[in-house]
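**Q** Structure incoming, see below.
Number of protein chains: 2
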Amino acid sequence: MRVNGKDMRTIWVEGDVVKFIDQRFLPHELKIISLGTLEDARAAIADMKVRGAPCIGATALYGMAVAVRNDPSDAAIKTAYDTLNASRPTAVNLKWALDECIKTVNGLAENARAETLFQLAAKNCDDDVQMCSNIGDHGKTLLDEIAKHKKGEPVNILTHCNAGWLATVDWGTAISPIYKAFNAGLNVHVWVDETRPRSQGARLTAWELEQHGVPYTVITDNSGGHLMQHGLVDICLVGTDRTTATGDVCNKIGTYLKALAAFDNNVAFYVCAPSNSIDWHMQDGLKEIPIEMRSGEQEVGWITGRDADGVLRRVTTMPDPKKTRNDAFDVTPRKYITGLITERGICKANRDGLRVLFPEHG
Amino acid sequence: MRVNGKDMRTIWVEGDVVKFIDQRFLPHELKIISLGTLEDARAAIADMKVRGAPCIGATALYGMAVAVRNDPSDAAIKTAYDTLNASRPTAVNLKWALDECIKTVNGLAENARAETLFQLAAKNCDDDVQMCSNIGDHGKTLLDEIAKHKKGEPVNILTHCNAGWLATVDWGTAISPIYKAFNAGLNVHVWVDETRPRSQGARLTAWELEQHGVPYTVITDNSGGHLMQHGLVDICLVGTDRTTATGDVCNKIGTYLKALAAFDNNVAFYVCAPSNSIDWHMQDGLKEIPIEMRSGEQEVGWITGRDADGVLRRVTTMPDPKKTRNDAFDVTPRKYITGLITERGICKANRDGLRVLFPEHG
């Protein structure tokens, strides 16, 4: 999408160098770095220079490609697979991408492996962009429908965390319908949940929307329920890091609370779920999806921001930033989800709904 | 409660000087300032040097007393009443305290007014401490009951914002049962919601518990639902800024989301409500209670904390801290509240429940 008036993706190749946006410095600085080794890729994912399930998947693919370019042996491929697979535990796209790599190089001569993996990564990125674009087109129909009853007043969309283009290669998942609607001239306004502890809403979603010119307001994570009680939210659109075959959704911590509030106030709650976020083997999200625990001290205890002079600083509000806990995701049970928006269309968040759209997994 | 090993209240008189804790600098610095004029009292309340409905009420009483000491005329009393009444819109204790002052000085000679108001303020403070202590005794019975089934494991209490002694004169409301249980040797652990935007949980509740030695963990506002889904919360205890005669509760923004999660997971959700938080004229909290809007830019857009060197700094995580909105409270409908813990005992959060405990308002 648009950055300083130009189109940009989160990860791309220039000559033979893989480049990506180090999202840790946004919205304060647009920092672009190179990915030349397996360790670069592992650190990019584990340290959350990149985040968002599809963007993690794309980074893993290019990580495998550069690792194999550096050492195409079977042993090196196994090391790369294990290293990257351990870098973040929740996003299903990561394992999916790595499995694709193994399938692709299987039986190939060593000297053909790297180029094939670079082609796979490039194709995956283009496919991801198309998938997100399709999600946007399907989701836009919901916003069009709401707009019919708003008499020109803005359609108010609440979103949590960042499921915009920064979380993917381009377009995003939950924000893609908003970009599509905005580009088509619809009057939209986005309530952006701050999304503590890493504030991906305040930092990344706000920055994306600001750059693209979409009207938005950042609110605390505590506010969405109150806004829904007062009719100020027309629809919630969120992303997913892992979706079960039965329609449960694992997404950024706090998603569940917004789903409860939407349910209580009859506000539509849709999850934008590309099919590669779906784990067809899982039945019960609450019991089966592993929830990543991250450092409470580093992420909850300390907050990084820029001061009035533009200098980045870390501060704490707490007497002891070590006395913290940081569960990174939660699971929203399917009963609170109005529907899933996939690249093939919109369906109920349950096994039957998914079966109609993805009969090959039935 | 205990501060650096000594007992302390939030507001007190030394000689003829009223002193109070300026809570804006906690947990970084314990700053004590004097209250000598009406403007001191107005600023203390409006700028949130003090906060929490009972502490606001106590500050308003001493504010009237010092204002009348400076000018005991009817006109000055009216000015003081109007000024203080406008300083915060939501806390019902504020108006209650000011009305008590008017009743008290009514018919008194000008030269007797100030001393009488100082006596009223002192008595109100002592009454408030007793009220909070009683709430603690009643609430402790719930924690004792839970402990019977925990086999020595800690009783996990989730709380939101600060309804500890800093929000009152001493003991607190929601934290009072925890202090009572802890002092009696019960194994308790408190999940402290950070409570953005002003982070009263991370700043004040954590500081109180730290000073008193009560085990606690600060979590983001997004986390409570997930912890409840996994059986990690035994009971929620929160305060209230205004309670309707029908049991609806207006408290810090985000309380409603935790009540929804507690309801969804069969976790007990109790509101500690001193009777002076009850507005006996209100029937429908969502429709009738005015919700204070505060500066989004100042409170959501910018975060104050100390850096690693202990220097207080303001930072923002956002591209534009002005694009924010800051509703300070929300309303939790009575159907999500397990019960109210008052100074007279525990009751259902509805008109009949309150009538039994407070027949004089029936």
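So the protein sequences, as listed, match chains G and X. If you use the numbering used here, the first sequence corresponds to residues 1 to 362, in order. If you use the numbering used here, the second sequence corresponds to residues 1001 to 1362, in order. Beta carbons: idealized from backbone N, C-alpha and C, even for Gly.
Only counting runs of 3 or more residues, tell me where the beta strand (DSSP E) segments fall wholly within the stretch 1141-1213 of chain X, in order along the chain.
**A** You should have 1155-1159, 1188-1193.
**Q** Apart from the five residues just before and just after K140 of chain G, which ones in its own chain have a Cβ nearer than 6 Å to its Cβ?
**A** Within the first sequence, numbered from 1, the residue matching residue 140 of chain G stands at position 140. Taken in chain order, the residues that qualify are P177, K180, A181.
**Q** Mark M64 of chain G as exposed unless 16 or more other C-beta atoms lie within 10 angstroms of its C-beta, in which case mark it buried.
**A** Here residue 64 of chain G is taken as the residue at index 64 of the first sequence, counted from 1. By the 10 Å Cβ count, M64 of chain G comes out buried.
**Q** Shorter than 8 Å from the beta carbon of Q283 of chain G to some beta carbon of chain X?
**A** Indexing the first sequence from 1 puts residue 283 of chain G at position 283. Q283 of chain G does not count as touching chain X.
**Q** Would you list the residues sitting across from C1250 of chain X in a DSSP beta bridge?
**A** Numbered from its first residue, the second sequence carries residue 1250 of chain X at position 250. X:R1242, X:V1331, per the DSSP bridge assignment.
**Q** Report the residues of the stretch 202-231 of chain G with a CB closer than 7 Å to any CB of chain X, ordered along the chain.
**A** Listed in sequence order: A202, R203, A206, W207, E210, Y216, T217, V218, I219, T220, D221, N222, S223, G225, H226, Q229.
**Q** What residue ranges within the stretch 313-360 of chain G form continuous alpha helix (DSSP H) runs of no fewer than 4 residues, ordered along the chain?
**A** List check, alpha helix (DSSP H) in window: 351-357.
**Q** So, under 8 Å CB-CB, Q441 of chain G and R2 of chain G are touching, yes? Tell me the CB distance rounded to an integer number of Å.
**A** With chain G covering only 1 through 362, there is no way to say anything about residue 441 of chain G.
**Q** For D1128 of chain X versus V1092 of chain X, is the C-beta spacing smaller than 8 Å?
**A** As a working mapping, residue 1128 of chain X is identified with position 128 in the second sequence. As a working mapping, residue 1092 of chain X is identified with position 92 in the second sequence. No.
**Q** Identify every residue that forms a DSSP beta bridge with T304 of chain G.
**A** Start at 1 with the first residue of the first sequence, and residue 304 of chain G comes out as number 304. T304 of chain G is bridged to G:R314.
**Q** With E1288 of chain X as the anchor, note down where its alpha helix (DSSP H) starts and where it stops.
**A** Numbered from 1 along the second sequence, position 288 holds the residue referred to as residue 1288 of chain X. Taken as a continuous stretch (DSSP letters only), the alpha helix (DSSP H) holding E1288 of chain X covers 1285-1288.
**Q** At which residues does the alpha helix (DSSP H) containing T1079 of chain X begin and terminate?
**A** In the second sequence, residue 1079 of chain X corresponds to position 79, counting from 1. From DSSP, the alpha helix (DSSP H) with T1079 of chain X extends over 1074-1085.
**Q** Using a C-beta cutoff of 8 Å, does G254 of chain G count as contacting chain X?
**A** By 1-based counting over the first sequence, the position of residue 254 of chain G is 254. True, the Cβ-Cβ gap to chain X drops below 8 Å.
**Q** 8 Å is my cut-off, CB to CB: does D330 of chain G come that close to chain X?
**A** As a position in the first sequence, residue 330 of chain G is number 330, starting the count at 1. D330 of chain G counts as touching chain X.
**Q** Rounded to whole angstroms, how far is the Cβ of Q1200 of chain X from the Cβ of C1161 of chain X, which I believe are closer than 8 Å?
**A** As a working note, residue 1200 of chain X is residue 200 in the second sequence. As a working note, residue 1161 of chain X is residue 161 in the second sequence. Rounded, the Cβ-Cβ distance is 5 Å, consistent with contact.
**Q** Please list the partners that D1264 of chain X has in chain G, where partner means a Cβ-to-Cβ separation under 8 Å.
**A** As a working mapping, residue 1264 of chain X is identified with position 264 in the second sequence. Ordered by position in chain G, the residues that pass the 8 Å Cβ test against D1264 of chain X are L260.
**Q** If we define contact as Cβ-Cβ less than 8 Å, is E297 of chain G a contact residue for chain X?
**A** As a first step, residue 297 of chain G must be located in the first sequence, where it is residue number 297. No, its Cβ sits nowhere closer than 8 Å to a Cβ of chain X.
**Q** Per DSSP, Y216 of chain G forms a beta bridge with which residues?
**A** As a working note, residue 216 of chain G is residue 216 in the first sequence. Answer is G:V190, bridged to Y216 of chain G.
**Q** Looking at the strands, I want to know which residues DSSP matches up with S1034 of chain X.
**A** Here the question's residue 1034 of chain X lines up with position 34 in the second sequence. X:K1019, per the DSSP bridge assignment.
**Q** Assess, as a yes-or-no matter, whether the stretch 276-291 of chain G is touched by the stretch 92-111 of chain G under the definition of 3 or more beta carbon pairs within less than 8 Å.
**A** Result yes; three or more Cβ-Cβ pairs closer than 8 Å.
**Q** Whole-angstrom Cβ separation of Y216 of chain G and V238 of chain G, contact assumed at under 8 Å?
**A** Locating residue 216 of chain G in the first sequence gives position 216, counting from the first residue. Locating residue 238 of chain G in the first sequence gives position 238, counting from the first residue. So it is not a contact: roughly 15 Å between Cβ atoms.
**Q** In chain order, which alpha helix (DSSP H) runs of at least 4 residues are fully inside the stretch 256-288 of chain G?
**A** Fully enclosed alpha helix (DSSP H) runs of 4 or longer: 285-288.
**Q** Looking at the structure shown, is E29 of chain G part of a helix, part of a strand, or coil, going by DSSP?
**A** For the purposes of this step, residue 29 of chain G is identified with residue 29 of the first sequence, where counting begins at 1. It is coil, neither helix nor strand.
**Q** For V1066 of chain X, does the three-state DSSP call read helix, strand or coil?
**A** On the second sequence, position 66 is the one that residue 1066 of chain X refers to. Helix at V1066 of chain X.
**Q** Reducing DSSP to helix, strand and coil, say where K95 of chain G ends up.
**A** Here the question's residue 95 of chain G lines up with position 95 in the first sequence. Correct three-state label for K95 of chain G: helix.
**Q** Are the beta-carbon atoms belonging to V50 of chain G and F25 of chain G less than 8 Å from one another?
**A** As a first step, residue 50 of chain G must be located in the first sequence, where it is residue number 50. As a first step, residue 25 of chain G must be located in the first sequence, where it is residue number 25. Contact flag unset, no.
**Q** For M8 of chain G, which three-state DSSP category applies?
**A** Here residue 8 of chain G corresponds to residue number 8 of the first sequence, with the count starting at 1. M8 of chain G: coil per DSSP, three-state reduction.
**Q** Counting contacts by CB-CB distance shorter than 8 Å, is M1318 of chain X in contact with chain A?
**A** Protein chains G and X are contained in the structure displayed, whereas chain A is not.
**Q** Assign E208 of chain G to one of two classes, buried (16 or more other C-beta atoms within 10 Å of its C-beta) or exposed (fewer than that).
**A** Along the first sequence, one-based indexing puts residue 208 of chain G at 208. Answer is buried; the Cβ neighbour count reaches 16.
**Q** Under 8 Å, do N124 of chain G and L61 of chain G count as touching if we go by C-beta distance?
**A** For the purposes of this step, residue 124 of chain G is identified with residue 124 of the first sequence, where counting begins at 1. For the purposes of this step, residue 61 of chain G is identified with residue 61 of the first sequence, where counting begins at 1. A contact, by the Cβ cut-off of 8 Å.
**Q** Could you pull the DSSP bridge partners for C236 of chain G from this structure?
**A** Reading the first sequence from its first residue, position 236 is the one you call residue 236 of chain G. Per DSSP, G:L158, G:F269.
**Q** Could you work out which residues of chain X lie near G353 of chain G, taking near to mean beta carbons separated by less than 9 Å?
**A** Indexing the first sequence from 1 puts residue 353 of chain G at position 353. Going along chain X, no residue has its Cβ under 9 Å from G353 of chain G, so there is no contact; the nearest lies around 22 Å.
**Q** In chain X, which residues lie with their C-beta within 9 Å of the C-beta of I303 of chain G?
**A** The count along the first sequence starts at 1 and reaches residue 303 of chain G at position 303. Within 9 Å Cβ-Cβ: I1303, G1305, V1315, T1317.
**Q** Give me the Cβ distance between R88 of chain G and A46 of chain G, rounded to the nearest whole Å; I'm assuming they're in contact under 8 Å.
**A** Residue 88 of chain G sits at position 88 when you count from the first residue of the first sequence. Residue 46 of chain G sits at position 46 when you count from the first residue of the first sequence. Correct: roughly 7 Å between the Cβ atoms.
**Q** Decide if the stretch 1345-1353 of chain X is in contact with the stretch 1303-1313 of chain X; the criterion is three or more beta carbon pairs, one per stretch, under 8 Å apart.
**A** Segments in contact, no.
**Q** How many angstroms separate the CA atom of A1228 of chain X from the CA atom of A1262 of chain X?
**A** Here residue 1228 of chain X refers to the residue found at position 228 of the second sequence. Here residue 1262 of chain X refers to the residue found at position 262 of the second sequence. Contrary to the premise, residue 1228 of chain X reads as Met rather than Ala in this sequence. The alpha-carbon atoms of M1228 of chain X and A1262 of chain X are separated by roughly 7 Å.
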